[in-house]
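Peer 1: Residue numbers (my numbering), protein chains in the order written: chain A, 208 to 323; chain B, 208 to 323.
This is the structure I have questions about; it appears just below.
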DNA sequence: CAACTGTTCTAGTATTTCTATAACAGTTGT
DNA sequence: ACAACTGTTATAGAAATACTAGAACAGTTG
């Protein structure tokens with residue numbers, strides 16, 4: 208399980224970590240019952256603080272995507288299924304947007320605003 | 208032309224202003240050639256600082272969605288067409304996501320990460 | 001010329017993000 | 001029981017970002 212982060216991005220690191228996990232879940236690379244790498248592991252390999260990773264994990268917990276308990280770690284829940292179901296649609300939309308010359312930020316913002 | 212903002216949101220005001228304009232463009236409520244309300248007007252009606260609105264406008268300019276010149280204001284460009292073309296797809300995706308119980312933030316993040 | 005536009009500048013406050021360190025408290029496997 | 005692993009909580013501080021404030025500048029329009 209690999210979590211990627213771009214230190215040069217203006218997107219907060221904790222948000223990038225959460226987004227990375229979400230994307231893996233949507234792609235089916237993370238299934239219900241799978242355990243995320245421990246926060247300390249991720250913090251060490253990304254060379255960021257433990258709290259930064261934990262904040263990302265807590266965000267995922269707030270969304271119901273993982274269960275967290277001390278001693279056990281963060282475990283993926285059934286709530287990732289909806290993400291996986293949307294995966295193909297999201298890919299299709301992203302491809303169209305790219306073909307039209309839109310940026311990821313523009314499309315994401317549009318989606319978010321449309322949803323509200 | 209109405210720009211909405213939620214002061215309680217954790218999303219920066221300037222980003223909300225830009226997102227509001229993008230959504231209007233995607234919905235066809237803003238067409239190429241239309242002029243945005245002056246930054247001072249918007250700042251006054253939203254009770255925020257002029258610079259906050261200008262930052263939003265500059266973001267839209269960076270995306271190529273508006274042309275800005277002093278004295279004239281911010282004018283919508285042809286670049287809004289791609290947004291309008293995606294409008295129906297975005298609405299459809301948002302509806303599916305909502306039906307699946309996802310939040311706007313979750314979906315937006317997923318879209319952004321998928322695009323990269 | 002007057003009234004409008006965005007642009008630029010300086011400056012300060014508040015909030016958010018990230019780091020750092022430490023201790024605490026469940027869980028798991030030996 | 002014990003060691004080694006988990007997340008949780010607390011405190012503190014540094015750095016970056018968001019927002020405000022006021023002023024002056026420079027094109028555009030009627």
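In this text, a Cβ means the ideal position worked out from N, Cα and C, and glycines have one as well.
1. Among 319(A), 222(A) and 210(A), which residue has its Cα nearest to the Cα of residue 304(B)?
2. Give the C-beta separation of residue 221(B) and residue 266(B) to the nearest angstrom, bearing in mind that I take them to be a contact with Cβ-Cβ under 8 angstroms.
3. Any idea what DSSP makes of residue 246(A), helix, strand or coil?
4. Which first and last residues belong to the alpha helix (DSSP H) in which residue 291(B) is found?
5. Who does residue 281(A) pair with in a DSSP beta bridge?
6. In whole angstroms, what separates the C-alpha of residue 250(A) from that of residue 234(B)?
7. Excluding sequence positions up to five away, which residues of its chain have a Cβ less than 7 angstroms from the Cβ of residue 261(A)?
8. Which same chain residues end up closer than 6 angstroms to residue 283(A) when comparing Cβ atoms and leaving out the 5 residues on each side of it in sequence?
9. Does any C-beta atom of chain A lie closer than 7 angstroms to the C-beta of residue 226(B)?
10. Please return the same chain residues whose Cβ sits closer than 6 angstroms to the Cβ of residue 278(A), not counting the five positions on each side in sequence.
11. What are the boundary residues of the alpha helix (DSSP H) that includes residue 234(A)?
12. Could you name the residues of chain A that residue 293(B) contacts, counting a contact when the two beta carbons are closer than 9 angstroms?
13. Using CA atoms only, rank isn't needed, just tell me which of 218(A), 289(A) and 263(A) is closest to residue 306(B).
14. Closest to residue 214(A) by CA distance: which of 280(A), 229(A), 259(A) and 232(A) is it?
15. Determine the chain A residues that contact residue 233(B) at a beta-carbon separation under 9 angstroms, and present them in chain order.
16. What is the rounded straight-line gap between the Cα of residue 301(B) and the Cα of residue 257(B)?
Peer 2: The answer reads as follows:
1. Of 319(A), 222(A) and 210(A), the residue nearest in Cα terms is 319(A).
2. The Cβ separation is near 7 angstroms, so the contact holds.
3. Assigned with DSSP and collapsed to three states, residue 246(A) falls in helix.
4. Judged by DSSP secondary structure, residue 291(B) falls within the alpha helix (DSSP H) whose first and last residues are 287-306.
5. Looking at the DSSP assignment, residue 281(A) forms a beta bridge with 275(A).
6. Cα to Cα, residue 250(A) sits roughly 42 angstroms from residue 234(B).
7. Taken in chain order, the residues that qualify are 246.
8. 237, 239, 241 and 273
9. yes
10. none
11. That residue, residue 234(A), is in no alpha helix (DSSP H); it is neither H nor E in DSSP.
12. 300, 303, 304, 307, 309, 314 and 317
13. 289(A)
14. Nearest neighbour of residue 214(A) by Cα position, chosen from 280(A), 229(A), 259(A) and 232(A), turns out to be 259(A).
15. 317, 320 and 321
16. 32 angstroms
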